[in-house]
Amino acid sequence: MFGTIAGLQIGEKAFIEKLCLENIPLKLLEMGCLPGIEVELIQRAPMHDPLYIKVNGSHLAIRKETAEKIIVSK
Amino acid sequence: MSDGKVVKVALIGNPNTGKTSLFNRLTGLKQKVGNYPGITVEKKQGFCKLNETVKAEITDLPGTYSINPTSLDETLVLDTLLNEENETFPDVIVVVVDVENIKRNLLLFTQLKDLKIPTILVINMVDQMKRKGINIDVPKFEERLHTKVVLASARKKIGVEELKSAILNYKELDTTPVSKISTKIDKDFFTKLKSALPEFPLYKSWLLITQNQEFDFLTDTQKKLVTKFREDVVCIRRYQHKETIFRYKVINDILKDSFNVDASKATNLRGILDRILTHKIFGYVIFALILLFIFQGIFNWASYPMDIIDGAFADLSAWTKSVMAPGTFTNLIAEGILPGIGGIIIFIPQIAILFTFISILEETGYMSRVVFLMDKIMRKFGMSGKSVIPLISGTACAIPAIMAARNINNWKERLITILVVPFTTCSARLPVYAILIALVIPNKPILGFLNLQGLTMMVMYLIGFTAAIASSMLLHKVLKVESKSFFVIEMPNYKIPSIKNIFYEVVEKTKAFIFGAGKIILALSIVLWFLASNGPAKFKNAEATIKAQTENTSISKEVFQKKVASYKLEHSYIGYMGKTIEPVIAPMGYDWKIGIAIISSFAAREVFVGALATIYNVDSDDGDNATIKQRMAAEINPKTGESMFNFSTGVSLLLFYAFAMQCVGTLAIVKRETNSWKWPILQLVGMGILAYISAAAAYLILS
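Residue numbers (my numbering), protein chains in the order written: chain A, 190 to 263; chain B, 212 to 914.
This is the structure:
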């Protein structure tokens, strides 16, 4: 089942399938958000934005608009 | 290696790796902060003795996750490493990585390693390894990464000597790249690149063509070649992504057989703390309580040293006058320079206390949670979660606060933050508020437990904060600034703060205030002193005039002197300036005397009180607010016959000081940080208009 990081439940894990390369900053990849890597949604800030994720051993916060561009498979 | 020379070392690493601890450990207090030529980022350097004859000059570069810069601070890392003519170009790079985050940290290492500069890898915080169940096969690591690996714990002082000897022997280091990116991405492309710029290491050429910035150190031919390669933007972006994916593959390969973590040792303290601190209700409650505690601390603790400083400088001025021969030079020192320096030092307690708190919050990792909690709210006002730190810092002083806005990557969010920070109630406004409130607000209890004067002070804070928020909303709508928005922050693990790091951080921020604002406050104090103690003909004849006026009355010598001083001020250059602006400030309810105080307080707002003291010929040296207050209370407005400092003028002045951009130091720092006069001028004019209209409206309505 495909979705985006923004659609995950808290505590849910999924694998990154694809990043829309045109819209995703290089920095996100450099911080470990890579295709094929497992990502876990740890927490949502109040008002559901930003998202606190764990990916590749890194704990990151990204905005919802970015999370919506990262396709994951559960 | 005993030629007595200095080894240049660049210290590089991700944020939160303990790089600063290591820097402090290596250099101790032998640090200096300078500026990089042409740009505004501070350069932190220190020295470290390696043996009897060789010293290391260590440059602490800003923390970065990658060599590809996304902020001003990070651009510096790239500039330092690409330009060999740069005076900080390193003989050896020391890369600091956090043992718990080694995978991501190694990305930067592999990038740096490909530049073919001798590189040492420091794995920091190794004292945590046992507890976290981490195991590293160091010889294998060294072999696969072609480098010297030092296991260290800067806080526990482990590995520091080993690192020093590795730096000393940097010439023996292997400069083979770790990852041969060229063959894995597009062999033809990289062959072409190599033959176009054969003089550089291939990875350096690759970095040159992937950045958007100009590199001044290139020759014209090189620049042309670089520009040509940059044309195919889409292709370059795709290759950059490929590069990163490839690098992680290499890192994973290396880690697979030389690094392992025993998952059973993992504790979930982080998870528990995160759930509480970022909770949708408790998160905000805890943040509010922490803020309350900080402000309480600033108010209660800072007042003692501030009183001491205030008294000491008044005594020093009086003492100078008593021991030096009377004359212009003595007056310059006693009335111009000493009060000027005193006016700077008096702010140090508040600034130091506030930055102690802020650096504790940052060191523990809590500040990232605040950024996370506040981002969505702040974005509604065109700012970022990261704007919270500058806005809190602004309650001490706008100058270090505006500098703290540097780590906001988005230019528009950063610009709005810089523009609205001066609205927050800084410490220089407090003495002004204190005396005005004491004068026009009755000291009586309200609602049983609150005091009306205290409540007014709180309202002033709220007004400043509201003005900041409202103007940011306006700027968010009005400003048309191109900026690509993205936001990625690391949520670091919670840590016990290191006292040493906090101490250095506070010293650095306080220095930023002293040298940023201090110089200007001092210079302006001297100019104002000159304008107040010189004047045309009438000024020079002051004594004769007063003598003639008081010929038939018997007054004491003291009263006579005060009358002379007051007459002199009225007819000094600044007195004439006050009178010139009187028609302009009359709608706000001010006379020329208040005009003088307003002009004087352009150096720093708190000068307002001292200037009024001089004008109302109160002996300000005793620093007793009660006397100034009584004299101000007795001042009659000749037009209305009422008290000059009545409720309407008082409120008008409070509003004026809340909104007006009366700080030359801040204007200078905004110019520096935005690299343009446009923004400080916008601040000066915009805030001035707001101050004028609201003060005049308040005066009109209330009187």
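Heads up, the beta-carbon is just placed ideally off N, CA and C, and yes, glycines get one too.
Treat the numbers as computed from the prediction; the structure is a model and nothing was measured.
The contact set of residue 451 of chain B on chain A, defined by CB atoms closer than 7 Å, consists of 215 in chain order.
Residues of the segment 475-501 of chain B that bring their beta carbon within less than 9 Å of a beta carbon in chain A comprise 481, 482, 485, 486, 489, 490, 491, 492, 494 and 495, in sequence order.
Judged by their CB atoms, residue 699 of chain B and residue 208 of chain A are not nearer to each other than the 9 Å cut-off. For the pair residue 213 of chain A and residue 242 of chain A, the CB atoms are not nearer than the 9 Å cut-off. Neighbours of residue 584 of chain B in chain A, taken as residues whose beta carbon is under 8 Å from its own, are 234 and 235 in chain order. Straight-line measurement puts the Cα of residue 227 of chain A at about 33 Å from the Cα of residue 571 of chain B. If you draw a straight line from the Cα of residue 491 of chain B to the Cα of residue 199 of chain A, it is about 14 Å long. Counting along the chain, residue 903 of chain B sits inside no beta strand (DSSP E); it lies in the alpha helix (DSSP H) bounded by residues 889-913. Ranking B:574, B:798 and B:686 by CA distance to the CA of residue 893 of chain B puts B:686 first. Residue 659 of chain B is classed as exposed because its beta carbon has fewer than 16 other beta carbons within 10 Å across all chains shown. Among the residues facing chain A, residue 895 of chain B is not included, as its CB has no counterpart in that chain under 9 Å away. Each residue's CA atom was taken as its position, placing residue 230 of chain A and residue 202 of chain A some 7 Å apart. With a cutoff of 9 Å on beta-carbon distance, residue 594 of chain B and residue 557 of chain B are scored as not near each other.
For the segment 430-496 of chain B, the full-length alpha helix (DSSP H) segments reaching 4 residues or more read 431-441, 444-467 and 480-488 along the chain. In this structure, the straight-line span from the alpha carbon of residue 376 of chain B to that of residue 814 of chain B is close to 50 Å. The segment 380-396 of chain B makes no contact with the segment 426-435 of chain B: fewer than 3 CB pairs, one atom from each, lie closer than 8 Å. Taking C-beta atoms as the reference points, residue 723 of chain B and residue 588 of chain B fail to come closer than 9 Å. Neighbours of residue 741 of chain B in chain A, taken as residues whose beta carbon is under 9 Å from its own, are absent, since the nearest beta carbon is some 52 Å off. Annotation: residue 349 of chain B to residue 360 of chain B spans about 7 Å, alpha carbon to alpha carbon. No Cβ-Cβ contact shorter than 9 Å links residue 332 of chain B with residue 270 of chain B. If you draw a straight line from the Cα of residue 472 of chain B to the Cα of residue 877 of chain B, it comes to about 50 Å.
Contact check for residue 820 of chain B and residue 735 of chain B: beta-carbon distance about 16 Å, past the 8 Å limit, so the pair fails to qualify. Against residue 255 of chain A, the close residues of chain B are 697, 698 and 699, in the order they occur along the chain (beta-carbon pairs closer than 9 Å). Excluding its 5 nearest sequence neighbours in each direction, residue 683 of chain B has C-beta neighbours in its own chain below 7 Å: 592, 593, 594, 627 and 631, listed in chain order.
Against residue 315 of chain B, the close residues of chain A are 219, 220, 221, 245, 246 and 247, in the order they occur along the chain (beta-carbon pairs closer than 9 Å).
Cα atoms of residue 413 of chain B and residue 678 of chain B: separation of roughly 52 Å, rounded to the nearest angstrom. If you compare the alpha carbons of B:843, B:770, B:768 and B:853 with that of residue 805 of chain B, the shortest gap goes to B:843. Closer than 9 Å to the CB of residue 211 of chain A there is at least one CB belonging to chain B. Counting along the chain, the unbroken alpha helix (DSSP H) around residue 377 of chain B starts and ends at 371-379.
Proximity of chain A to residue 312 of chain B at the Cβ level (cut-off 7 Å) is accounted for by 246 and 247, in chain order. At a cut-off of 9 Å between C-beta atoms, residue 195 of chain A does not count as an interface residue with respect to chain B. Here the segment 764-772 of chain B does not lie against the segment 559-576 of chain B, with fewer than 3 beta-carbon pairs under 8 Å apart.
If you look at residue 553 of chain B, you'll find it in the alpha helix (DSSP H) that goes 549-556. Where residue 241 of chain A is concerned, the enclosing beta strand (DSSP E) starts and stops at 240-244. The segment 746-756 of chain B and the segment 710-720 of chain B do not touch, with fewer than 3 CB-CB distances between them shorter than 8 Å. Within chain A, the residues placing a beta-carbon under 7 Å from that of residue 318 of chain B are 219, ordered along the chain.
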